[in-house]
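So the sequences go chain by chain: Y and L.
Each residue of the first sequence is one higher than the one before, counting from 0 in numbering that gives the first Met the number 0.
Each residue of the second sequence is one higher than the one before, counting from 0 in numbering that gives the first Met the number 0.
Think of the CB as a built atom: it goes at the ideal place given N, C-alpha and C, for glycine as much as any other residue.
The structure appears below as structure tokens.
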Amino acid sequence: MIQLIISLVVGLALAVSLYFFARRVKPSAEGSAQQLREARQTLDSLQFGLLPNDLVQRIFAREDLEYVLSAAPPEVQSLFLKDRKNIALAWVRRVRSAVLDLMRFHRGHARLHAQLSFSTESRLALNFARLLTACRLLQIALYLRGPYAAPGMVRTAAAAAGRVCLISENSLAFLNVKGIDPAENDPARHRA
Amino acid sequence: MKTLSQVIWLAGILVEFVILARAIQCKMFGKYSIFYSYVASVLGVSVFLYAAPQPLYNALYWPLDFVTMVLGCGVIVEISRHVFAQHISLDRFARWTAIVVFGSMFLVFAIHSFFFPHWKPAANPADLARDLRIAEAIALLTIVFLTGYYRIEIGKNMKGMILGFGVYVGTSIIMLTLRLFIGIRFSPIWKITEPSSYVAALIIWAVALWSYAPVPVVPAPPPDTDYQGLAGRTRRALGSIEEHLDRTP
């Protein structure tokens, strides 16, 4: 029976992977100046648009909750909690998508190098997987417990978001050297 | 049922002829020498078995199938060599995976033969064939995974070669497994699906290898970047994130 299961699993895994392999779109020419500029812009938008620490702290500000609880009727309180929960969830989704963008960026550039280190790449892949899982768990926790139920968790998530920005910055450090677009390559502008 | 089986068999021989003729016409034989040798050997075996009387057919079907199967392993090596021509490390990894998988399989056979003298793989060739196909499938999965993970562009010829081979190997694994477990009742279905999947693979190969399409050249990495630097920065920063996430209550 074990043989049957192993054989069928391998056969089906091959069938599924071939399906996605056949549907795979032609990858863009990674490494071109246009591509690098787009990567820079994507990560800039993540840093400036959705991940600043002050904005994150605003979303989870406990004084807002205390004010609404003391001054607003129950239906407004309920609406407030629902809105904040949705915003928090959207924010975690954005952090997760930033990690995914970084992962794609790293893989896209690592593949240009002929001599990849298998052990390094395996460790990085595992780290990315762990981080993505952690983000997903955070999403579930926020969904179940709400943004005000776990303040420590939120602080952690905020720190994680800041770190994502830092990785993005480091991964793109060589663009600063190249000076593709000096106006956009000022490191002072990228601090969240 | 026998007529259908013969039609499929003849269709296979015809498509094999087309593939080989086209390879000679476009001077592609030297570029994918193992693959075309494999197709030529299968063509030779097919013609021989088609003409052979039933007792000879029964005696030689599995031994000849193993010969073509071993050449099929060579096709996987050729695929890896072309797909990862500009990625030495990935090619090495794919080859090592294949060596480990095939090595483990032969080791298991050796151990069985040594400790169980009554156990004879030749007594159940379908079992051995299925295990070889599983090893081929794992090697193929490794190549497909690595090309997907690193978004490596592979060209029409290689894509077709992988797809065709994958369709055939995948179908063979499922069919051989069902044949082993369902038994003789499954044989009529197996006799149709096995050659049909091979004809499907041949059609994919004929279309994909109609003209030569080399694996696209990978652009040079941007100046001022080195792989270790890129990997090191990403690893350190990811480690810091994990530390923060580990503190999540």
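Using a Cβ-Cβ cut-off of 8 Å, PHE59(Y) does not count as an interface residue toward chain L, since no Cβ of chain L sits closer than that to its own. Of all C-beta pairs linking the region 47-59 of chain L to the region 120-139 of chain L, fewer than three are shorter than 8 Å, placing the two stretches out of contact. Neighbours of LEU141(Y) in chain L, taken as residues whose beta carbon is under 8 Å from its own, are absent, since the nearest beta carbon is some 11 Å off.
THR146(L) is the residue among LEU175(L), THR170(L), THR146(L), ILE183(L) whose C-alpha sits nearest the C-alpha of VAL82(L). Here THR2(L) is exposed: its Cβ has fewer than 16 other Cβ atoms, across all protein chains shown, within 10 Å.
For ARG150(L), at least one C-beta of chain Y is nearer than 8 Å to its own C-beta.
Here the C-alpha atom of ALA205(L) lies approximately 24 Å from the C-alpha atom of TRP189(L).
Beta-carbon to beta-carbon, SER103(L) and ASP90(L) are separated by about 21 Å, too far to satisfy the 8 Å threshold. A Cβ-Cβ contact shorter than 8 Å links MET174(L) with GLU193(L). Contact of SER6(Y) with chain L is assigned, a C-beta pair being separated by under 8 Å.
The three-state secondary structure of LYS155(L), taken from DSSP, is helix. Per DSSP, the continuous alpha helix (DSSP H) segment holding PRO124(L) begins and ends at 124-148. Within 10 angstroms of the beta-carbon of ASP82(Y) lie fewer than 16 other beta-carbons, which makes it exposed.
Looking at the backbone, the Cα of ALA10(L) and that of SER45(L) are separated by about 11 Å.
By the rule that beta-carbons nearer than 8 Å mark a contact, VAL168(L) touches chain Y. Of the candidates LEU55(L), VAL74(L), GLY29(L), VAL74(L) places its Cα closest to the Cα of VAL41(L). Under the criterion of beta carbons closer than 8 Å, VAL100(L) and ALA134(L) qualify as touching, at roughly 5 Å. For GLY147(L), the chain Y residues whose C-beta falls within less than 9 Å of its own C-beta are SER16, PHE19, PHE20, ARG23, listed in chain order. VAL9(Y) has a beta carbon lying within less than 8 Å of a beta carbon in chain L. In this structure, the straight-line span from the alpha carbon of PRO72(Y) to that of ALA97(Y) is close to 38 Å. Note that the C-beta distance between PHE164(L) and LEU139(L) is below 8 Å. Straight through space, the alpha carbons of SER186(L) and ALA109(Y) are spaced by roughly 48 Å. Any Cβ of chain Y closer than 8 Å to the Cβ of LEU208(L) would place that residue at the interface, and such an atom is absent.
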